[in-house]
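Quick notes on the structure that follows.
In the UniProt record's numbering, the protein residues as written are 1 to 261.
Structural data, given as structure tokens:
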């Protein structure tokens with residue numbers, strides 16, 4: 001493991017042997033580790049709490065993941081804090097990121113694109129049903145396990161929207177106003193940076209990001225833009241509508257004719 005870290009560490013009663021670094025980010029590193037008792041491989045996220053003005057932001061991913069259980073959501077295994085670091089043990093997705101997948105593949109049929117995207121939709125449908133907006137959906141935060149199953153990850157920006165200010169009950173039930181301007185340029189909805197003090201709907205922002213993800217899958221996996229069916233291009237257009245209220249809900253996307261045919 002890197003400088004300042006032991007090669008073995010006990011987290012929540014289990015001992016983990018660190019094997020190699022998987023990646024680095026602004027607030028910490030991710031390592032591949034093996035549990036000697038189970039023999040299974042895990043991803044251990046080491047977050048430097050000293051880099052946060054508000055450590056509750058760093059702990060948000062742990063609290064969010066602990067409440068979730070779905071085949072298309074990365075699984076939380078254990079967590080602990082020590083010496084100014086948050087250690088988060090997660091299911092290891094050995095297939096890498098969707099971004100890696102996009103770069104490595106030369107060609108996919110539209111039916112294969114549907115298969116990938118539908119798994120992402122199922123994961124987001126579960127999140128929204130649990131009152132959680134991800135707020136940073138992008139290929140780099142979507143993983144694949146060894147069997148090619150999609151796993152949505154990186155919940156550092158996710159927020160339990162039912163704890164926010166609830167909108168008019170006649171509108172999208174369970175929707176809520178977000179005020180923080182977080183997300184990734186190119187994937188975050190226009191209202192995230194332009195809403196001023198009025199807030200924005202986290203679910204609708206997720207839908208915009210989904211549209212950009214679908215566009216990326218459809219155009220970068222070898223399917224030329226001119227070859228996309230009208231159903232696919234229409235769904236991308238609907239998801240990326242400038243006005244948040246004009247975008248479909250995740251429930252509507254799940255029933256979309258292009259996806260279900």
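Don't be surprised by glycine CBs; every beta carbon is placed ideally from N, CA and C.
Query	Result
Closest by CA to residue 91, which one among 229, 101, 31?	31
For my contact list, residue 27 and residue 47 are in at a C-beta cut-off of 8 Å; report their separation, rounded to the angstrom.	5 Å
Measure the C-alpha to C-alpha separation of residue 192 and residue 38 and round it to an integer number of angstroms.	43 Å
Report all residues from its chain with a CB closer than 7 Å to the CB of residue 150; omit the five preceding and five following residues, and keep chain order.	72, 116, 119, 120, 123, 142, 144
Going by beta carbon distance, what residues of the same chain come within less than 7 Å of residue 231, once the five residues before and after it are set aside?	257, 258
Does the Cβ-Cβ distance between residue 250 and residue 125 come in under 8 Å?	yes
Report all residues from its chain with a CB closer than 6 Å to the CB of residue 78; omit the five preceding and five following residues, and keep chain order.	11, 12, 89
Count the other C-beta atoms from every protein chain shown that fall within 10 angstroms of the C-beta of residue 206, then say buried if there are 16 or more, exposed otherwise.	buried
Just to confirm my understanding: we take residue 217, look at its own chain, exclude 5 residues before and 5 after, and list those with CB closer than 7 Å. What are they?	102, 113, 116, 117
Return the Cβ separation of residue 76 and residue 66 in integer angstroms, given the expectation that the two are a contact with Cβ distance under 8 Å.	5 Å
Around the C-beta of residue 185, are 16 or more other C-beta atoms found within 10 angstroms, so that it is buried, or is it exposed?	exposed
Could you give the distance in angstroms between the alpha-carbon of residue 18 and the alpha-carbon of residue 241?	45 Å
To the nearest whole angstrom, what separates the beta carbons of residue 200 and residue 140, a pair I think is in contact under 8 Å?	Residue 200 to residue 140, Cβ: 22 Å. No contact.
When you compare each of 254, 213, 81 to residue 55 by their alpha carbons, which one comes out closest?	81
Let me confirm a value: residue 93 is counted as buried when at least 16 other C-beta atoms fall within 10 Å, else exposed. Which label applies?	buried
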